[in-house]
Amino acid sequence: MAMNTSFTIGIVAISMLLHAAYSTIQYRTLLKITEDEFTGPPYEVLVELMLVMVLSLFAGLTVPGNFRSILPDSDENRVVFVPSNKNFMIFNHRGMAFPTKMGLKLN
Amino acid sequence: MASHDESAKKSNENEVPTFNAENLQSNMKVVYYSRTFMSIIGGVIAGICGFTGLMGFVVYVLVMAITSVCLTARAGFSIHSYFDSWNRVLLDGFLGGLLSFVLFWTYPFVLDLLMISCTSSRRTRFGLGFWVPVSLVSLVTKRRYLELRFKDFNIL
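For the record, the sequence lines run as chains A and B.
For the first sequence, the residue numbers in this note's numbering are 200 to 306.
For the second sequence, the residue numbers in this note's numbering are 298 to 453.
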């Protein structure tokens with residue numbers, strides 16, 4: 200769930216960025232018509248860009264995932280090495296409660 | 298509890314610093330993705346603000362510095378439980394995003410010139426309001442299909 204909200208925040212940041220780019224381009228075409236020079240985007244676009252920066256920082260750090268601890272003695276790294284050789288696996292099962300009859304023969 | 302993690306052992310004479318290499322690698326991937334995403338966003342921002350020349354690279358260094366600070370904050374300022382040295386999180390991918398930054402930095406300037414040619418081009422049956430969502434949805438479904446089809450290949 201947290202992944203999903205960060206992802207949507209990232210999508211929102213990108214769409215705000217595209218919106219800012221679109222409005223700046225429109226502003227520039229307007230400037231070309233009135234033959235002024237382009238000193239910077241309008242103030243609303245600057246505010247929007249700062250919002251984009253904050254949101255994309257949040258999304259860019261949360262979406263890729265959590266940091267995992269690399270110390271071997273931390274709580275989430277309790278690694279137990281078990282030999283995975285099937286011949287040597289021992290299981291405790293209920294059949295052990297029954298006594299085995301030795302000396303059974305197949306006729 | 299059987300696990301298939303492997304821990305890399307680097308033994309010096311007196312100290313044996315061991316760490317879980319698989320987790321270190323996943324942490325490095327997180328750092329790399331974050332830096333790439335932020336350099337792309339920073340590139341578009343630099344293009345929108347109209348920075349040219351040296352100012353743009355100053356913006357890049359600024360964005361990367363902010364990303365480094367935020368990454369250290371994310372790691373809780375105790376770097377040593379997530380990485381093996383400070384360099385990895387501060388300096389590792391610093392120049393890696395530079396190419397993406399420059400590419401996306403040019404896009405607002407390019408789009409500014411393209412807009413004029415777009416508005417004077419041929420009218421199709423459907424406008425932007427149709428083609429933009431359709432292309433986005435098609436991209437997302439293609440990605441999901443590839444993820445499902447190749448989910449056992451562990452490419453990502």
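Think of the CB as a built atom: it goes at the ideal place given N, C-alpha and C, for glycine as much as any other residue.
The structure displayed is predicted, hence computed values, not measured ones.
Whole-Å CB distance - residue i paired with residue j, under 8 Å assumed
{"i": "LEU368/B", "j": "LEU270/A", "result": "The Cβ separation is near 19 Å, so there is no contact."}
{"i": "LEU408/B", "j": "ALA220/A", "result": "7 Å"}
{"i": "LEU256/A", "j": "MET335/B", "result": "7 Å"}
{"i": "GLY340/B", "j": "SER397/B", "result": "7 Å"}
{"i": "MET412/B", "j": "ILE224/A", "result": "5 Å"}
{"i": "PHE380/B", "j": "LEU321/B", "result": "7 Å"}
{"i": "SER205/A", "j": "ALA258/A", "result": "5 Å"}
{"i": "VAL327/B", "j": "PRO263/A", "result": "4 Å"}
Cβ of residue i within 9 Å of any chain A Cβ
{"i": "SER308/B", "result": "In this prediction, SER308/B has a pLDDT of 39, which is less than 50 and means its spatial position is unreliable; what the coordinates show is noted afterwards. With 9 Å as the cut-off, SER308/B does not count as an interface residue toward chain A."}
{"i": "VAL399/B", "result": "no"}
{"i": "SER304/B", "result": "For SER304/B, the predicted structure reports a pLDDT of 43, less than 50, and the residue's modelled location is therefore unreliable. The matter cannot be settled from this model."}
{"i": "VAL355/B", "result": "no"}
{"i": "ALA299/B", "result": "Its pLDDT being 39, under 50, ALA299/B is placed unreliably by the model, and nothing is read from it."}
{"i": "VAL327/B", "result": "yes"}
{"i": "SER435/B", "result": "no"}
As assigned by DSSP and simplified to three states, the class of residue i
{"i": "THR238/A", "result": "coil"}
{"i": "THR349/B", "result": "coil"}
{"i": "PHE542/B", "result": "An answer regarding residue 542/B cannot be provided, because it is not within the stretch 298 to 453 covered by chain B."}
{"i": "ASN291/A", "result": "coil"}
{"i": "THR228/A", "result": "helix"}
{"i": "PHE254/B", "result": "Nothing about residue 254/B can be reported from this structure: the residues present for chain B run from 298 to 453 only."}
{"i": "TYR379/B", "result": "coil"}
Contact check, residue i vs residue j, beta carbons under 9 Å
{"i": "ALA372/B", "j": "VAL360/B", "result": "no"}
{"i": "ASN317/B", "j": "SER268/A", "result": "yes"}
{"i": "GLY209/A", "j": "LEU248/A", "result": "no"}
{"i": "ILE337/B", "j": "PHE427/B", "result": "no"}
{"i": "PHE237/A", "j": "GLY347/B", "result": "yes"}
{"i": "PHE323/A", "j": "ASN324/B", "result": "No statement about residue 323/A is possible, as the shown extent of chain A runs from 200 to 306 and does not include it."}
{"i": "SER222/A", "j": "VAL244/A", "result": "yes"}
{"i": "ILE342/B", "j": "VAL356/B", "result": "yes"}
{"i": "ARG332/B", "j": "GLY393/B", "result": "yes"}
is_contact[residue i, chain B] using C-beta, thresh 9 Å
{"i": "ILE289/A", "result": "no"}
{"i": "ASN286/A", "result": "no"}
{"i": "ILE269/A", "result": "yes"}
{"i": "MET252/A", "result": "yes"}
{"i": "GLY209/A", "result": "yes"}
{"i": "PHE206/A", "result": "no"}
Chain-order list of residues whose beta-carbon lies under 6 Å from that of residue i (same chain, five-residue window excluded)
{"i": "ASP389/B", "result": "none"}
{"i": "TYR226/A", "result": "PRO241"}
Same chain only: Cβ atoms within 7 Å of residue i, ignoring 5 sequence neighbours per side
{"i": "THR233/A", "result": "none"}
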